Structure formats: C-alpha cells, structure tokens
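One structure is given here, and the rest of the page talks about it.
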Amino acid sequence: ASAGAGKYLHVLTGKCFRKVTSGDAWLGGQLSKSVNYGRVPGSRNLGEKSSAAAPRVSPADGLAAFRAFLKTEFSEENLEFWLACEDFKKTRSAAKLASKAQRIFEEFIDVQAPREVNIDFQTRELTRRNVQEPSLSCFDQAQGKVHSLMEKDSYPRFLRSKIYTDLLSQTQRRLS
1 ASAGAGKYLH
11 VLTGKCFRKV
21 TSGDAWLGGQ
31 LSKSVNYGRV
41 PGSRNLGEKS
51 SAAAPRVSPA
61 DGLAAFRAFL
71 KTEFSEENLE
81 FWLACEDFKK
91 TRSAAKLASK
101 AQRIFEEFID
111 VQAPREVNID
121 FQTRELTRRN
131 VQEPSLSCFD
141 QAQGKVHSLM
151 EKDSYPRFLR
161 SKIYTDLLSQ
171 TQRRLS
C-alpha cells in the first residue's frame, strides 16, 4: 500500500468512525499528535467505494472483520492494545491514569504479559519508564510500533483474506 493510496480516513471513536481528510493510506487516523484519536491500519478505506461496483462496508463491520481476522492469525492483541491506548488517552483523572497505565503495561507490554505485543527492547524499556510517571502519551511509541506492524503486515493480508471478501459479499447482498 502506498502512503498516498487513501484520501479519507476513518477515525475510531468508540464503535464508529469519522471521516478525516489525509494523504495517509489508513483506515482510521491519528495523523498528528493534535488529533486525539488513533488509527486502525489499512491500505484502503473499508467504508469507501474503491470502484463503482464495490460495496460500501460499515465501519463497525470492517472493524469486527479485522478483529476476526487477527484472531485467526493469533495477533488480536495488537488491535486490543491499540484500542486500550486510545481509551487511555481519554482518561482525565490522574488517579485513573496511573491505574490504567499499569493495567495496560501488565496486560500488553511486560515480558510476562498474557497478551504481550511484539515490540523491541528499547520501546519496551521506554514504555516501562513512562508508565512510572504516566502521561497521556506514555504509550505513544509502543502504540506506533504496533500500528506500523499492523499496517505493513496484518492489514494487507486481511484485504486478501476470505474474511474480507466475505464481508464485501455480504455487504453487496444487503445492498441488492
């Protein structure tokens, strides 16, 4: 997927997406630190028509299908970590910030984490230090690494998967 392949992004906010204009090729979209949303990876927009004959897929259905695909690859923790980080960034209470940061670290970052994400040692250690004095950005580097992994690895395979083609077929049947 080329960086300029997508013009519109869908930003995950709860269970729905909002359109955001951008040159990035993502389904989802924290394109700058000023946007307080995140990205769900993709090289094209699930909610947009790629051609006149292509069906329009709802964002919720697209996310559910991507999650189901990740389960088949045993990598659902990547999306769950990304979503947990997005929820974390909405935290306003300092007390809750510390407890949420610790919970996310223990679930996804720690080497003994039950749903450990695949990040390098330096990112893991930086995140460990960040969590000791948590801020809304303490997971940004780890989230970025996981995002990049999904963008370059999981999402292109998802677009070629039976789960995705079935989703397109179901959507087309509903529209017919």
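Be aware that the sequence shown starts at 1, since it is given in the UniProt record's numbering, and climbs by one per residue. All C-beta atoms in this analysis are idealised placements derived from N, C-alpha and C, irrespective of residue type, glycine included. Note that the structure is a prediction, hence the values are computed from the model and not measured.
### Message
Measuring straight from C-alpha to C-alpha, what distance separates residue 146 and residue 92?
### Response
24 Å
### Message
Please return the same chain residues whose Cβ sits closer than 8 Å to the Cβ of residue 173, not counting the five positions on each side in sequence.
### Response
none
#### Entry: Inter-stretch contact (C-beta, 8 Å, three-pair minimum) for the region 153–171 and the region 65–74
yes
### Task
Can you grab the Cα-Cα spacing for the pair residue 132 / residue 155, in whole Å?
32 Å
### Query
Exposed or buried, what is residue 129 when buried is set at 16 or more other beta-carbons lying within 10 Å of its beta-carbon?
exposed
### Message
Among 114, 106, 58 and 98, whose alpha-carbon lies nearest the alpha-carbon of residue 76?
### Response
Comparing Cα positions, the closest option is 114.
### Message
For residue 116 and residue 83, what's the separation of their Cα atoms in angstroms?
### Response
14 Å
### CA nearest to the CA of residue 106, picked from 70, 127 and 90
127
### Message
Do residue 124 and residue 104 count as a contact pair if the criterion is CB distance below 8 Å?
### Response
no
### Query
Under 8 Å between the Cβ atoms of residue 139 and residue 69?
Cβ distance not < 8 Å, so residue 139 and residue 69 don't count as in contact.
### Task
Could I get the ranges of all uninterrupted beta strand (DSSP E) runs contained in the region 104–140, with 3 residues as the minimum, in chain order?
none
### Query
What three-state label does DSSP hand residue 161 in the structure shown?
Here residue 161 carries a coil assignment [DSSP, helix/strand/coil].
### DSSP-derived helix/strand/coil call for residue 74
Residue 74 falls in the coil class under three-state DSSP.
### Message
Let me check understanding here. Comparing Cα to Cα, which of 162, 96 and 142 lies closest to residue 79?
### Response
142
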